[in-house]
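A quick write-up on the structure given underneath.
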Amino acid sequence: MLKGIGASDGIGIGRVMLVVEQSLEYVPKEIADTDAELARYQSAVEAFCAETVEQAEAIRKSTGDKEAEILEGHIAIIKDPFMNGEIENLIKAHQCAEKAVDQICQMFIDMFNATGDELTMQRATDVKDIRDGLLSILLGVQNVKISDAPAGTVLVTGELTPSMTAGINKDNIVGIITETGSQTSHSAILARALEIPAVLSVAGATTCLSSDEQVIVDGNKGEVITAPTPEQIEEYASKREAFLRERRELENFRGRETASADGIKYELFCNIGTPKDATKAMAADGEGVGLFRTEFLFMDRNSLPTEDEQFEAYKQASIIMKGKPVIIRTLDIGGDKDIPYLGLAKEENPFMGFRAIRYCLKNREMFKSQIKAILRASAFGDIRIMFPLITAVEELRMGKELVEEAKADLKASDIAYDENIKVGVMTETAASGVIADLLAEEADFFSIGTNDLTGYTMAADRGNGDVSYLYSPLQPSVLRMIRRIIKCGREKGIDVGMCGEAAASPMMIPLLISFGLTEFSVSAPSVLKVRKNISKWTKEEADAIAEKVMAMTTEAEITAYLETIV
Amino acid sequence: MVSKKLTIVNAQGFHMRPASTFATAMGKYSSNVTLKVNGNTVNAKSLMNIIAACIKCGNEVEVICEGPDEVQALDEAVGMIESGFGE
């Protein structure tokens, strides 16, 4: 078995077609007749554009406008007056066209790669593709025709270029394996758009695999199974069927409201860790962000982020979400998340120690700059503030006081913010569950963090194999905690969401509907599944299930029962 | 010479499509059009130079136009950036 990155879900079973890049080596020459060489270059550009237009049309038909635009971008690049001018200048200075194209393209490839910015670095792939295309034309090299691949072909190549993708007939190509590429590379985006299972970054794929050998591509797990046994083929063929069936079903839920079978509406949000994740949330049809973790801003660096830096990140997320609700959780460090430059002391018991809101309230300047950044971003959309690890009403009060102070500062400086910004509590400690009635009086919303709530309620570390059997949100104690938090919040008329993993659990969903949860926040890939699961139940059915479950006395009994209903 | 400072509002910043539309639009003018961003000066008629400047959402850019049709050029440039390239 070969391991890589699963970049496009699904399973493909087929035979390898190796696409090895042709040598594009050339011998640089001094050119005497520069006019003739310029004409040769220009006709290569014309041929390249004509070929690209044709490929873009093919890909528009097979895949869509967006993918065709990538190729049309190649025409825009090659027509760039600055780049063309530089290439022509080199030719006028007696360089051969091959050398001129190569040198100038390489200059831009290096320039783009030097930015360290992922989006810009991806453009380097386009320039490389253009250079190879132009050199192939100038050198008269013939490339393997991917469009001729027979049915059941697994494409194996170094890097999937947009021009290669143009030749893909998705009825015939059942899988893609490449040696380079990441989740966000062109190869991945194109493979997903074509709905072809893909495993990228498989080291040595073009040397390990040979043409015509049978392989299984598991894009879900990022695995390539070589020399599969008949049993494996059978196993994966049925996995493939199940996957395709589910994909078809889930797509029906895209663009729909999230509602129970009897029409009660729910909010279905996403959990994100960076502004860029917001793009995934939008693509996954998320209706907002229920948990924006802000630790990324503080990690992998040597000093605190500035207020401006934070503001830009929060604003960006809100703009990407097109003004939909974005709940920003203030810094949650300590516990298992260390930030070296903060110089946190080593603790005997970090999960019970100096972390999250406790740390922030003791470091008011740092905390205030985060709150100000969030407030400033609130001028750009529906942004809400959430405090983690609240265990006592005073913590919420102190946090809210700081919000008011920050508002006064901004007002004094004439900076815009949302005066009515909602301030809520992440209910994730046993204490917050027990005093949910008191917190509900002063919080604008609750969001249940089931991961920590389960750990703190059960006093069990899920990472410790000896006690992890205790760690389950289906424990009667945890379910009572969840039910209580929702009830207390709803009685005071505030929204109660859930941003832990349990919100996406099919077994949990009927219980949450019955308890009265108003918002589910899940990872982007779970959105459609959760919407489908919510739509399965009426309130009445959910109530009947919850009534049975809450009368049961052990987690084992509850799990066994819920397994029969999902 | 005319100029204006603006903030990039579209989520993806000056990526491929906006950069290409922008460079093509600016190419029509005989004035010189440059962008000042993050301390760099960029030829706004060159898609490649705009991409290399790595202009992100939230960045401040100054559009500078100089030449016979500088007012019209600045007008169109500002309109495109402010509208977030229709995204």
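Going line by line, the protein sequences match chains A and B. Under our numbering, the first sequence has 499 at position 517, and the numbering climbs by one with no breaks. Each number in our numbering comes from the position in the second sequence (counting from 1) with 99 added on. Quick reminder that beta carbons are idealized off the backbone N, C-alpha and C, glycines included.
Any Cβ of chain A within less than 8 Å of the Cβ of Cys164 (chain B)? no
Which first and last residues belong to the beta strand (DSSP E) in which Lys103 (chain B) is found? 101 to 106
Are the C-beta of Gln85 (chain A) and some C-beta of chain B separated by less than 8 Å? no
Considering only residues of the region 503 to 528 of chain A, which uninterrupted alpha helix (DSSP H) runs meet the minimum length of 4 residues and lie entirely inside it, listed in chain order? Taken in chain order, the complete alpha helix (DSSP H) segments of 4 or more residues contained in the region 503 to 528 of chain A are 509 to 517.
Going by Cα to Cα distance, which pick from A:Thr240, A:Lys530, A:Glu249, A:Leu116 is closest to Tyr23 (chain A)? Minimum Cα distance to Tyr23 (chain A) is reached at A:Leu116.
Between A:Ala485, A:Ile321, A:Asp114, A:Leu544, which has its C-alpha nearest Val27 (chain A)'s C-alpha? A:Asp114
Is the beta carbon of Phe64 (chain A) sitting closer than 8 Å to the one on Met147 (chain B)? yes
With 8 Å as the threshold, decide whether the Cβ of Gly138 (chain B) is near any Cβ in chain A. no
Identified DSSP bridge partners for Lys135 (chain B): B:Thr140, B:Glu161
Determine, using beta carbons only, whether Asn148 (chain B) comes closer than 8 Å to chain A. yes
Backbone CA spacing between Arg444 (chain A) and Phe336 (chain A) [nearest angstrom]: 20 Å
Can you give me the Cβ contacts of Arg222 (chain A) inside the same chain, cut-off strictly under 8 Å, excluding the 5 residues immediately before and after it? Same-chain partners within the cutoff: Gly(-8), Ile(-7), Gly(-6), Ile(-5).
Given this structure, state the Cα-to-Cα distance separating Ile372 (chain A) from Leu544 (chain A), to the nearest angstrom. Cα to Cα, the separation comes out at about 31 Å.
Can you pull the chain A residues whose beta carbon is under 8 Å from the beta carbon of Lys144 (chain B), in chain order? Pro63, Phe64
In the structure shown, what three-state DSSP assignment does Arg42 (chain A) receive? Helix, per DSSP.
Three or more beta-carbon pairs under 8 Å between the region 357 to 369 of chain A and the region 304 to 315 of chain A, yes or no? yes
At 4 residues or longer, what runs of the alpha helix (DSSP H) sit wholly inside the region 28 to 114 of chain A? 47 to 60, 63 to 74, 79 to 96
Opposing strand residues paired with Lys247 (chain A) [DSSP bridges]: A:Ala241
Cα-Cα, which of A:Thr276, A:Ala260, A:Asp200 is closest to Glu269 (chain A)? A:Ala260
Assuming the contact rule is C-beta atoms closer than 8 Å, Glu483 (chain A) and Thr432 (chain A) should be a hit. Round their C-beta distance to whole Å, please. 6 Å
Whole angstroms are fine: how far does the CA of Lys81 (chain A) sit from the CA of Ser130 (chain B)? 32 Å
Kindly give me the distance between the Cβ atoms of Asn154 (chain A) and Thr139 (chain A), rounded to whole angstroms, as I take these residues to be in contact under 8 Å. Wrong, their Cβ atoms sit about 15 Å apart, outside the cutoff.
Just checking: is the beta-carbon of Val108 (chain B) within a distance shorter than 8 Å of some beta-carbon in chain A? With 8 Å as the cut-off, Val108 (chain B) counts as an interface residue toward chain A.
Please confirm if the region 462 to 471 of chain A is in contact with the region 292 to 305 of chain A, defined as three or more CB-CB distances below 8 Å between the two stretches. With a cut-off of 8 Å, the region 292 to 305 of chain A and the region 462 to 471 of chain A do not count as touching, because too few Cβ pairs lie within range.
Are the C-beta of Thr102 (chain A) and some C-beta of chain B separated by less than 8 Å? yes
Tell me, which residues are paired with Asn253 (chain A) by DSSP? A:Leu273
Nearest to Gly272 (chain A) by alpha carbon, out of A:Ala359, A:Ile430, A:Gly204, A:Phe280? A:Ile430
Count the C-beta pairs between the region 381 to 394 of chain A and the region 314 to 325 of chain A that are closer than 8 Å, then say yes if the count reaches three, no if not. no
For the region 277 to 311 of chain A, list every residue whose C-beta sits within 8 Å of some C-beta in chain B, in sequence order. Glu294, Lys297, Gln298, Ile301, Ile302
Between Ile119 (chain A) and the rest of its own chain, which residues show a CB-CB distance below 7 Å, the 5 nearest in sequence each way excluded? Ala26, Ala29, Phe30
Residue ranges of each alpha helix (DSSP H) within the region 302 to 362 of chain A, 4 or longer: Counting whole runs of 4 or more residues, the region 302 to 362 of chain A contains the alpha helix (DSSP H) stretches 338 to 344, 346 to 359.
Could you name the residues of the region 110 to 121 of chain B whose beta carbon sits closer than 8 Å to any beta carbon of chain A, in the order they occur along the chain? Ala110, Gln111, Gly112, His114, Met115, Arg116, Ser119
What is the DSSP secondary structure of Arg236 (chain A), reduced to helix, strand or coil? coil
When you compare each of B:Glu181, B:Lys135, B:Glu169 to Tyr128 (chain B) by their alpha carbons, which one comes out closest? B:Glu169
Relative to the C-alpha of Thr541 (chain A), which candidate in A:Gly475, A:Ser503, A:Leu461 has its C-alpha closest? Of the candidates A:Gly475, A:Ser503, A:Leu461, A:Leu461 places its Cα closest to the Cα of Thr541 (chain A).
Examine chain A for any beta-carbon lying closer than 8 Å to the beta-carbon of Gly157 (chain B), and answer yes or no. At least one chain A Cβ lies under 8 Å of Gly157 (chain B).
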